[in-house]
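Chemist: Numbering-wise (the numbering used here), the sequence shown opens with residue 124 and increments by one. C-beta: ideal position from N, C-alpha, C; glycine also. Got a structure here, written out as structure tokens. Questions coming.
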Amino acid sequence: MSLTGRTVWWWVRLRRPCLTAAPRGPAVWLPTGLAACQRFYSSRDKEKIDMSAYPVESIRNFSIIAHVDHGKSTLADRLLEITGTIAKTDRNKQVLDKLQVERERGITVKAQSASLFYNYKGVNYLLNLIDTPGHVDFNYEVSRSLSACQGVLLVVDANEGIQAQTVANFYLAFEAQLAIIPVINKIDLKNADPERVEKQIEKLFDIPVNECIRISAKQGTNIDKVLEKVIEKIPPPQCNTTDPLKALVFDSTFDHYRGVVANIAVFGGEIQKGHRIVSAHTNKRYEVNEVGILTPNEQPTHKLYAGQVGYLIAGMKEVTEAQIGDTLFMYKQPVEPLPGFKSAKPMVFAGMYPVDQTEYNNLKSALERLTLNDSSVTVHRDSSLALGAGWRLGFLGLLHMEVFNQRLEQEYNTSVILTAPTVPYKAVLSSAKLIKEHGKSEITIINPAQFPDKHSVSEYLEPTVLGTIITPQEYIGKIIVLCQDRRAVQKEMLYIDEHRVMLKYLFPLNEIVVDFYDALKSLSSGYASFDYEDAGYQAADLIKMDILINGNPVEELSTIIHNDKAYATGKYLCERLKDAIPRQLFEIAIQAAIGKKIIARETLKAYRKNVVAKCLLRTLLIGA
């Protein structure tokens, strides 16, 4: 049959493997080409893995958890290689770190899953691996990943030993009642001391020394022992294929052509193409278009069974339709929804505005799609006299905010203006008028512009965190002074071995959110590690500081600070603004004010005409 060149071109674009004609000029679609297409798609269907060969008792679901840079991604690479999931080459570095920002920064910011097949003692096992981030700002990714697992590999650097995020991740897994396998990595390093690390693990986590596995993920040493331990120690999931379908959506991404791709853990029953399913969150019905596993690329399968982890495409076209933590069940077979996930609690807020207001709708669409993939970000509409319409975004930390902004630029080609980060404060109202207006006596303040007057408030509350610092003992003095300068209260001090100390402090969140981590690393020559968890609110003497430019307050520069640090902060801001604002033909007064009281001032001098220059030039010419 003959087709026009344009028809063939669009057919080629949609069915690229069947390329039999050039995109320009008239062409004839030969029967051999059509037969080739049929052979290609029938062979692809034949390649679908039969997941029924892996009953529940031969499935192991596990995560890799560790502190930053302790070798999680490298271990994941070796596990993929030894099971034959990927070819063994020298270019296998951070295979599961698919985002550009992850490869540029060298850290994992997004949990990624992969299904591995491994034969142990004549039995074929399906091992579902989830590689998780190590930084405290992405702790929500870790907690979500653990919900789809029955065990974890706790990786510890043989050189660095136990660090702050190691402790935090251990307790996440411990509270979830998961099997924990300690793995001591980087034993090939010159300064590695696995015996010391084993003693630390035994002292802090009460795990016997003989349960620790010593490996080198880089060289592939003892990786097979890790897989054997996973099969022996981690229990299979507790579920049954005869039960009604119950699937948990633990992650999702948006594809421009296929809609929402949901990562699911099947807790009961089975699911296949053509099934009609219902979302417990939206109560909408969908028809399943495709199911499969990640190896780590998408591999379609005929079915997914209870206990297995994979992906699902069901024609969800709107980002709001795929809520992380949602339960999917079969149409007319309702089930009790799974508990889902505890909502992430934002620790840092910042305003986000488009550079050009004509890009508002494009940025709105980009935010919706990116927050589908990163559900820990909270979004509220906001507006500013200077910056126009925008949003107030909540993040889990400063690095989380930076990575989110970078992903917006790289993945959606958007440019934004981010305001200075702030933390959420609370105010207990004493004014009956304000209580009636807000409908409650305690309000949360995420924008300094909403800060109520002191006369209508009985007390202000600031957020606090319980910080854990692990450091070599020679830096204790400097670190204690740093913590005291940040208004911290010491809660605990424990020697985990003869060289390392664990300190616990109660910090005001505002004191650590911007530059505390950098200061800590600088004081300890990079050896100290830091982690924190929410510790509620405490009463504090808070004030709102305004920045005035030529007597006019600039709302975007207002900030909420503790009264003791008002003068130092005001002076610093005025000095920075003096350096940042370009000189004009008129004088500019930059002031920091608390109410009507000016506490700091800098003056940017105006350009002045040099009236003496002509006289000097004339004198020089006469003298010549």
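1. Tell me which residues share the same chain as V353 and place their Cβ nearer than 8 Å to its Cβ, disregarding the 5 neighbours each side in the sequence.
2. What is the residue span of the beta strand (DSSP E) that N247 lies within?
3. Starting from M470, trace the alpha helix (DSSP H) both ways and give me its first and last residue.
4. Rounded to the nearest angstrom, how far is the Cβ of I346 from that of R226, given a contact under 8 Å?
5. Can you give the beta carbon distance from V349 to I338, rounded, assuming they're within the 8 Å contact cut?
6. In chain order, which continuous runs of the alpha helix (DSSP H) of length 4 or greater are located wholly inside the region 175-224?
7. With a 10 Å radius around its C-beta and 16 neighbouring C-beta atoms as the bar for buried, classify N528 as buried or exposed.
8. Around the C-beta of S499, are 16 or more other C-beta atoms found within 10 angstroms, so that it is buried, or is it exposed?
9. Who are the Cβ neighbours of R139 in its own chain at under 6 Å, not counting the five residues just before and after it?
10. Measure the C-alpha to C-alpha separation of I569 and Q431 and round it to an integer number of angstroms.
11. May I ask you to verify whether the region 438-454 touches the region 365-381, counting CB pairs closer than 8 Å and requiring at least 3?
12. If you run the structure through DSSP and keep just helix, strand and coil, what is D316?
13. Going by the CB atoms, is the gap between G600 and F653 shorter than 8 Å?
14. Exposed or buried, G718, counting other C-beta atoms within 10 Å across all chains shown (16 or more means buried)?
15. How would you call C738, buried or exposed, if buried means at least 16 neighbouring beta carbons within 10 angstroms?
16. In three-state terms, what does DSSP make of V502?
17. For L727, name the three-state secondary structure that DSSP assigns.
18. State the Cα-Cα distance for the pair Y409 and Y434, rounded to the nearest angstrom.
19. Would you kindly work out how many angstroms separate the C-alpha atoms of L157 and V411, rounded to a whole number?
20. Report the rounded CA-to-CA distance for D260 versus P705, giving the unit in angstroms.
21. Measure the Cβ-Cβ separation of K701 and I713 and say whether it is below 8 Å.
22. Going by DSSP in three states, L368 sits in which element: helix, strand or coil?
23. One question on the structure: do Y583 and S647 come within less than 8 Å of each other, judged by their Cβ atoms?
24. At 4 residues or longer, and completely inside the region 652-738: list those alpha helix (DSSP H) runs for me, N to C.
25. Are the region 521-541 and the region 648-668 touching by the rule of at least three beta carbon pairs closer than 8 Å?
26. Which of the three DSSP states, helix, strand or coil, is assigned to G148?
27. Does DSSP classify S538 as helix, strand or coil?
28. Taking its Cβ as the centre, do 16 or more other Cβ atoms sit within 10 Å of D168, making it buried, or is it exposed?
29. Reducing DSSP to helix, strand and coil, say where T143 ends up.
30. Using the beta-carbon count (16 or more within 10 Å), is E393 buried or exposed?
31. What separation, rounded to the nearest whole angstrom, lies between the Cα atoms of L632 and K549?
32. Over what stretch of residues does the alpha helix (DSSP H) that includes A291 continue unbroken?
33. According to DSSP, is R267 helix, strand or coil?
34. Apart from the five residues just before and just after N484, which ones in its own chain have a Cβ nearer than 8 Å to its Cβ?
35. Between N536, M668, V637 and K468, which lies nearest to D687 when the distance is taken from Cα to Cα?
36. Distance, Cα to Cα, Q235 vs E491?
Modeler: Straight from the coordinates:
1. R183, F185, L250, G274, L276 and I304
2. V246 to D254
3. Taken as a continuous stretch (DSSP letters only), M470 belongs to no alpha helix (DSSP H), as it is neither H nor E.
4. In fact, because the Cβ distance is near 23 Å, the residues do not count as touching under 8 Å.
5. 6 Å
6. Within the region 175-224, complete alpha helix (DSSP H) segments of at least 4 residues are found at 195-205, given in chain order.
7. buried
8. buried
9. Unreliable placement is indicated for R139, whose pLDDT of 37 sits below 50; the coordinate value is still reported in the next sentence. Counting only Cβ-Cβ distances below 6 Å, and skipping sequence neighbours, we find nothing.
10. 41 Å
11. Flag = yes, the region 438-454 and the region 365-381 touch.
12. The three-state secondary structure of D316, taken from DSSP, is coil.
13. Cβ distance not < 8 Å, so F653 and G600 don't count as in contact.
14. exposed
15. exposed
16. strand
17. strand
18. 15 Å
19. Confidence at L157 is low in this model, with a pLDDT of 41, below 50, so its placement is unreliable and no value can be given for it.
20. 36 Å
21. yes
22. coil
23. no
24. 689-703
25. Not touching, per the Cβ criterion.
26. Confidence in G148 is poor, its pLDDT being 36 and thus under 50, which makes the residue's placement unreliable; the coordinate value appears in the next sentence. If DSSP states are grouped into helix, strand and coil, G148 belongs with coil.
27. coil
28. The pLDDT assigned to D168 is 44, lower than 50, so where the model puts this residue is not dependable, and the model offers no usable value.
29. The predicted model places T143 with a pLDDT of 34, which falls under 50 and marks its position as unreliable; any figure quoted below should be read in that light. Assignment of T143 by DSSP, reduced to helix, strand and coil, places it in the coil class.
30. buried
31. 13 Å
32. A287 to E298
33. Secondary structure of R267 (DSSP, three-state): helix.
34. none
35. M668
36. Going by the C-alpha atoms only, they are around 21 Å apart.
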